[in-house]
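The structure appears below as structure tokens.
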Amino acid sequence: MAAGLSIGEVAEPVMSAGLTVKAGAAFLEKPVCEPLVPVMPSVVLPHNECMLLETAHLFKALKIALSDLEKFYDQLRNQQDLDISDLNDQLCYPYIDHVKVGKIDAKLTYIDSRGDHIFNAEMKYGSTSLSRIVIVKFTKRYSIECHTTCHNMEFAPELFVCEQVAGGWYVVIMELLMEYHTAHSLAGEYLLSSKTLKQVETLVKKMHDLGFVHGDLRLPNILVGPECSVKLVDFDWAGKIGEAIYPPLIIMNRKISWHPEVKFGAEIWPEHDLYMLSRVLNNLPKS
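According to full-length UniProt numbering, the stretch in the sequence shown is residues 1 to 287, in order.
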């Protein structure tokens, strides 16, 4: 503290030059804490309207959220015979548990996790007894058009839902292919035939002919099923040729056979897909 200044004299400048940080925490399979918004300076900048509005939106959202939480817990206290057994089973899963499949409301009941942001779930259609096991994925970007086009050509799972949810995420729900295995797992067991590898190259070229690129043709994103049938998954980076780009936070793992032109924000081209395929497939043991 500067000499000769009282507490009252420095309190306001210190507060106005401070930072506003808001984070959320939850106990899932492990404790998780994430920032809800970027760090915001509390300095009032009359010329920076965007920053001012962002701060105002933050406090408005907090006010609404706190009010909603109070109502929620009041309702819990008022329920004498509350059965939370079903709720407990779902506490560690995303809050998105209702979606629309076409015009039909569907309820999701999560079963287990397949990895980061990917889950197995049961999807029940409306008030009927019809249900199916599906893959539910949460991602920041996804090419509905490329996935749907590939499915129409019978080399991708059926896509049921792809819609934007809070926080800039997309919820993607697709068919679970029970009889298919990743090329990665089959390669480890020396179970990839030459016929299968040829099939992979053929369908990727068909995708290119339809005007699309994939961008991430690593073995976990290639599924192999009965009679050497092949499906592609993970269309996060996919898109139209000339429009699709690599994400800014792509992790350039040097053990992965990236094309030399691949870098943050670069356009994805068919030759990049074919380069990765040739490097990956040529290094595989063949049955």
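The beta-carbon is built from N, C-alpha and C at its ideal position, and this holds for glycine as well.
Everything numeric in this text was worked out from a predicted model, so none of it was measured.
Have a look at residue i and residue j and give me their C-alpha separation to the nearest angstrom.
i: residue 244; j: residue 74; result: 48 Å
i: residue 155; j: residue 199; result: 10 Å
i: residue 217; j: residue 257; result: 10 Å
i: residue 98; j: residue 185; result: 32 Å
i: residue 324; j: residue 115; result: As displayed, the chain neither begins before 1 nor continues past 287, which places residue 324 out of reach and without an answer.
i: residue 268; j: residue 261; result: 9 Å
i: residue 219; j: residue 55; result: 44 Å
i: residue 202; j: residue 255; result: 25 Å
i: residue 221; j: residue 60; result: 42 Å
Which residues bound the alpha helix (DSSP H) around residue i?
i: residue 59; result: 49-78
i: residue 278; result: 270-282
i: residue 104; result: Note, residue 104: premise wrong, no alpha helix (DSSP H); beta strand (DSSP E) at 104-115.
i: residue 152; result: 144-152
With H, G and I counted as helix, E and B as strand and the rest as coil, what does DSSP make of residue i?
i: residue 131; result: strand
i: residue 183; result: helix
i: residue 243; result: coil
i: residue 178; result: coil
i: residue 203; result: helix
i: residue 266; result: coil
Could you tell me if residue i is buried or exposed, where buried requires 16 or more neighbouring beta carbons within 10 angstroms of its beta carbon?
i: residue 160; result: buried
i: residue 188; result: exposed
i: residue 128; result: exposed
i: residue 157; result: buried
i: residue 273; result: buried
The beta strand (DSSP E) with residue i in it runs from where to where?
i: residue 98; result: 98-101
i: residue 231; result: 230-232
i: residue 32; result: 31-35
Just to confirm, does residue i get its C-beta within under 8 Å of one of the non-hydrogen atoms of the ligand MG?
i: residue 117; result: The ligand content of the structure shown is nil, which means the ligand MG is not present either.
Could you tell me whether the Cβ of residue i comes closer than 9 Å to any Cβ of chain D?
i: residue 226; result: No chain D is part of this structure, which consists of one protein chain only.
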